[in-house]
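Visitor: In terms of numbering that gives the first Met the number 0, the sequence shown has 335 at position 336, counting the first letter as 1, and numbering is strictly consecutive.
All residues carry an ideal CB built from backbone N, CA and C; glycine is no exception.
Everything numeric in this text was worked out from a predicted model, so none of it was measured.
This is the structure I want to talk about, given as structure tokens.
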Amino acid sequence: MSRKSITILGATGSIGASTLAVLEASRDFDIYALTAHQSAEELLELCLRYKPRFAVLGAEAAGQQIATSLRAQGSRTEVLVGAEALKRVASAPEVTHVMAAIVGGVGLPPTFAAVQAGKTVLLANKEALVMAGSIFMTAVERSNAKLLPVDSEHNAIFQCLGQSTTVGPSVNRILLTGSGGPFLRTPIDSLADVTPEDACRHPNWDMGRKISVDSATMMNKGLELIEAAWLFGVPADKIEFLIHPQSIVHSMVEFIDGSVVAQMGQPDMRTPIAHVLAYPDRQVSGVSGLDFAALADLSFETPDYQRFPLLGLARRVASEPLCQAVALNAANEMAVAAFLDAGLPYREIATTIEQVVSLIPRKELLCIDDVLDYDHEARSLTTELLSTDD
Ligand code: NDP
Ligand code: MG
């Protein structure tokens, strides 16, 4: 069997680091390319350690700086810069696998390039699928790409379905679990004053800042509902949200005979990452199994839509035309960035997104360029609304 070769889009992030940790343990992949946006120092270190053929950065100056340092240290890694370079390393003929782990809609073009080139695409970048939906899934079918879910819930559902994305008539419903994040028990009145640090302090998972805020608002679960509907080809009303504060059960599938199959494990992304890297086999991930006798409690509850208004909004958007999901995602990215970096009050994340989704004129989206143009439009509208709020 020929060796597998991987490009990691977003190598300096949280998923990137977990992927490299798993790869280091198994050593059955060549590393073709590692990419980052602005973390030049971190990318330089990764290049010296993992010796990829290419490294990609967002900006020319940073690219030149690491290229010089790499040459000085005798490295043969070639440094490329910019959005076209991301697409190139995601679709190069030598590449068999692409880990799509850039955060946000900027990950869509290179992830889509990997799909069109028929790669095995390991999908962490849920925003890409939420934005491109049917266009993305049609391209997967046409190119014969293999799409494997990294997101822990979707990876769990995939395993519960017997390593398949096909939901037959024997499936009654999918139970999409979520911890409820850091504000599950915070008195609703005090949510007005929470800070980015409070929001990023997730009880169970260690993740990048954007997805941490998404977990606090539970927009993450909303995006995951849309992601699951596309991945498994089911209407959103076949998927239920279930709060499970311990994050041990990563999601479940209920069959018509009453059987419920759950996938369980530590809340550690190395498990789903190892699963998709080794698929259809298994490999060690470095994560220990569960000590059931020591688990104090496994509890479940239905979510409170007043506390988490974005759950209701995402559910509505899931059955609307694709442009609504693009607007939902774009407004969320901008509002979360404004909360993290520009003092937007926490509760205005949800109100801003609601406004954008209801105000933006609807449009039929037929190709990726349509999606990217509409994404741009939604971001402009969000910027306008955020600036008139001051
Ligand atoms: P991080 O913020 O930790 O990492 C993001 C990565 O994307 C970094 O390598 C970053 O580079 C790169 N990046 C950011 N902006 C750009 C840009 N404009 N162009 C190119 N690259 C860019 O995010 P996570 O690893 O937490 O999440 C990655 C994706 O995986 C997200 O879509 C998230 O929803 C999903 N996911 C994450 C989980 C987790 O546990 N973390 C779980 C399930 C899904 P740089 O360092 O230079 O900024
Ligand atoms: Mg998830």
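Go through the stretch 4-74 residue by residue and report every complete run of the beta strand (DSSP E) that reaches 3 residues or more, in order.
Guide: Runs found: 28-34, 53-56.
Visitor: Determine the burial state of ILE187: buried for a count of at least 16 other Cβ atoms within 10 Å of its Cβ, exposed for fewer.
Guide: Classification for ILE187: exposed.
Visitor: With three or more beta-carbon pairs closer than 8 Å as the criterion, would you say the stretch 166-184 touches the stretch 138-147?
Guide: No, the stretch 166-184 does not touch the stretch 138-147.
Visitor: Are ALA330 and ILE352 touching if we call contact CB-CB under 7 Å?
Guide: Yes, the Cβ-Cβ distance between ALA330 and ILE352 is below 7 Å.
Visitor: Tell me whether ILE255 is buried or exposed, calling it buried when 16 or more other Cβ atoms sit within 10 Å of its Cβ.
Guide: ILE255 should be labelled exposed.
Visitor: For GLY15, count neighbouring Cβ atoms within 10 angstroms of its own Cβ and tell me buried if that reaches 16, exposed if not.
Guide: Under this definition GLY15 is a buried residue.
Visitor: Take the Cβ of GLN323 as the centre, count every other Cβ of all protein chains shown within 10 Å, and call the residue buried at 16 or more, exposed below.
Guide: It is buried - the Cβ of GLN323 has at least 16 other Cβ atoms within 10 Å.
Visitor: Can you check which of these residues, GLU23, GLY57, GLU59, is closest to LYS50 by C-alpha distance?
Guide: When each option's Cα is compared against that of LYS50, the closest is GLU23.
Visitor: Check whether the stretch 67-82 touches the stretch 121-134, counting contact only when three or more Cβ pairs, one atom from each stretch, lie closer than 8 Å.
Guide: Contact fails: fewer than three Cβ-Cβ distances are below 8 Å.
Visitor: Round the Cβ separation of VAL355 and LEU384 to the nearest angstrom and send it over; I've been treating them as touching at under 8 Å.
Guide: At roughly 7 Å, the Cβ-Cβ gap stays under 8 Å, so VAL355 and LEU384 are in contact.
Visitor: Is the stretch 209-218 touching the stretch 175-184 in the sense that three or more CB pairs, one from each, lie closer than 8 Å?
Guide: At 8 Å Cβ cutoff, the stretches touch.
Visitor: Cβ of LYS220 within 6 Å of any heavy atom in ligand 1?
Guide: Not under cutoff, so the answer is no.
Visitor: Would you mind reading off the limits of the beta strand (DSSP E) that contains PRO148?
Guide: From DSSP, the beta strand (DSSP E) with PRO148 extends over 145-148.
Visitor: At 4 residues or longer, and completely inside the stretch 339-386: list those alpha helix (DSSP H) runs for me, N to C.
Guide: With a minimum length of 4 residues, the continuous alpha helix (DSSP H) runs that stay inside the stretch 339-386 are 346-358.
Visitor: Which residue's Cα is closest to the Cα of GLN282: THR270, ASP290, GLY288, ALA292?
Guide: The shortest C-alpha separation from GLN282 is found at THR270.
Visitor: ALA84 to ALA35, Cα distance in whole Å?
Guide: Using only the alpha carbons, I get a separation of about 11 Å.
Visitor: Between VAL102, ILE30, LEU122, TYR373, which has its C-alpha nearest HIS274's C-alpha?
Guide: For HIS274, the nearest C-alpha among the options comes from LEU122.
Visitor: Under the criterion of a Cβ to heavy atom distance below 6 Å, does HIS243 qualify as lining ligand 1?
Guide: For ligand 1, not one heavy atom lies less than 6 Å from the Cβ of HIS243.
Visitor: In the DSSP assignment, the alpha helix (DSSP H) including ASN154 goes from what residue to what residue?
Guide: From DSSP, the alpha helix (DSSP H) with ASN154 extends over 151-159.
Visitor: Who are the near neighbours of PRO344 in its chain, counting only those whose CB is closer than 7 Å to its CB and skipping five residues on each side?
Guide: Excluding sequence neighbours, PRO344 sits near ALA191.
Visitor: With H, G and I counted as helix, E and B as strand and the rest as coil, what does DSSP make of MET268?
Guide: Correct three-state label for MET268: coil.
Visitor: To the nearest angstrom, how far is it from the Cα of SER189 to the Cα of ALA82?
Guide: So the two alpha carbons sit approximately 41 Å from each other.
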